[in-house]
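Engineer:
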Amino acid sequence: MLEQIFQFIQEHFLYLQPGYTLLNTIVFGLILGLVVLGLIKMFKWIDKDPQDLFLPLIPFIFLGSSTRALVDNGIYPLNLLLVTPGIYVLVGILTLLVLFGTILLEKRTGRDYRQVMFLMGMILCLPNIFNMGHINFQAFAAIIGIWLLFTAPFFLLGKKWKLLSDKFNLAALSAHLFDASSTFVAVDYYGYWEQHVLPAALTDMMGTAFIMFPLKIGVILGAIYFIDSEIEDKTIKNMLKLAIFILGLAPGLRNFLSLIMAT
């Protein structure tokens with residue numbers, strides 16, 4: 016019985032080689048919601064603003080995404096700790112340990128915890144950077160170019176529109192536009208396929224992953240507008256925005272790095 020349960024969990028929630036299903040998407044979504052609630056309580060307890068972690072978290076997001084990309088390309092072994100969701104649980108725990116450690120250091124030395132956290136994250140990323148090897152600069156330039164092309168209008172719009180004048184809001188949208196750019200290039204030009212349930216269905220229906228751009232723009236702008244207009248608690252508001260940012264940048268970086276490292 017236990018063996019059958021473990022086999023079911025492994026097939027539906029661990030390696031995810033066939034892609035995401037409706038079942039594991041719902042389960043992971045519920046788990047994510049519980050994690051976000053726990054993090055909101057944590058930030059209130061440590062008396063820190065989630066928005067302050069916007070930059071310090073980027074190296075840790077890169078660490079998780081680049082590790083997953085190195086597994087995709089056979090450079091790191093395929094095992095439970097290095098694939099979804101294991102790698103993100105591992106990096107999440109590591110991030111929290113570094114966060115608590117740097118906050119303790121700040122209290123004792125006065126050194127800004129955000130600077131120390133960012134530096135430690137960069138150091139942790141070095142082995143992955145050194146293991147990347149071959150880079151497909153054509154794919155690199157295509158993704159970055161398309162991302163800039165779609166981000167620039169919203170950057171300019173932010174000078175007139177209050178919603179996007181907030182750099183945190185713009186960063187959250189930009190992260191998802193980066194994810195859309197990497198998905199579009201990988202699927203439409205390099206023969207990759209979308210793994211997530213709804214985007215995969217829409218991509219199949221439209222015959223192109225370009226559908227990710229209007230999908231991302233509509234959903235993210237709507238979510239940010241709702242958060243800003245309906246939620247007054249600063250910690251909850253910024254934690255939700257930080258979660259949106261991570262949910263865009265993490266898969267976007269994984270797709271980007273997996274593609275540019277592919278031989």
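For the sequence shown, the numbering used here assigns the number 16 to the initial residue and increments by one for each residue that follows.
Note that beta-carbon positions come from the ideal geometry of N, C-alpha and C, so glycine has one too.
Which one of Ala277, Leu274, Leu264 and Met276 has the shortest CA to CA distance from Ile73?
Structural biologist: Per the Cα distances, Leu264.
Engineer: Quick check for students: name the residue ranges of the alpha helix (DSSP H) that lie wholly in the segment 173-232, counting only runs of 4 or more.
Structural biologist: For the segment 173-232, whole alpha helix (DSSP H) runs of length 4 or above, ordered along the chain, are 177-180, 182-205 and 212-221.
Engineer: Does the distance from the CB of Arg137 to the CB of Thr117 come in under 7 Å?
Structural biologist: Residue identity check: residue 137 is Met in the sequence provided, not Arg. Not a contact, by the Cβ cut-off of 7 Å.
Engineer: Mapping the DSSP letters down to three states, classify Asn88 as helix, strand or coil.
Structural biologist: It is coil, neither helix nor strand.
Engineer: Between the alpha carbons of Leu111 and Lys177, how many angstroms are there, rounded?
Structural biologist: Taking the straight line joining both Cα atoms gives about 33 Å.
Engineer: Is the number of C-beta pairs between the segment 153-166 and the segment 98-105 that are closer than 8 Å three or more?
Structural biologist: Flag = no, the segment 153-166 and the segment 98-105 do not touch.
Engineer: If you follow the alpha helix (DSSP H) that Thr117 is in, where does it begin and where does it stop?
Structural biologist: From DSSP, the alpha helix (DSSP H) with Thr117 extends over Gly101 to Thr124.
Engineer: Considering only C-alpha positions, which residue in the set Gly233, Ala238 and Tyr205 is nearest to Thr223?
Structural biologist: Comparing Cα-Cα distances from Thr223 to each of Gly233, Ala238 and Tyr205, the minimum goes to Tyr205.
Engineer: Near Asn146, which residues of its chain fall below 7 Å by C-beta distance, leaving aside the five closest residues on each side in sequence?
Structural biologist: Leu85 and Ile90, listed in sequence order.
Engineer: State the CB to CB distance for the pair Leu185 and Gly173, rounded to an integer number of angstroms; the pair is presumed to be in contact (CB under 8 Å).
Structural biologist: Right, their Cβ atoms sit about 5 Å apart.
Engineer: Should Met254 be labelled buried (16 or more other beta-carbon atoms within 10 Å of its own) or exposed?
Structural biologist: Buried, by the Cβ-count rule.
Engineer: Smallest Cα separation from Ile275: which of Thr250, Val200, Leu109 and Ile251?
Structural biologist: With distances taken between Cα atoms, Ile275 lies closest to Val200.
Engineer: For the 8 Å Cβ check, are there 3 or more pairs between the segment 62-79 and the segment 138-157?
Structural biologist: They touch, by the three-pair rule.
Engineer: Return helix, strand or coil for Phe170, following the three-state DSSP convention.
Structural biologist: Helix, per DSSP.
Engineer: Check whether the segment 229-245 and the segment 44-57 touch, using three or more Cβ-Cβ pairs below 8 Å as the test.
Structural biologist: Segments in contact, no.
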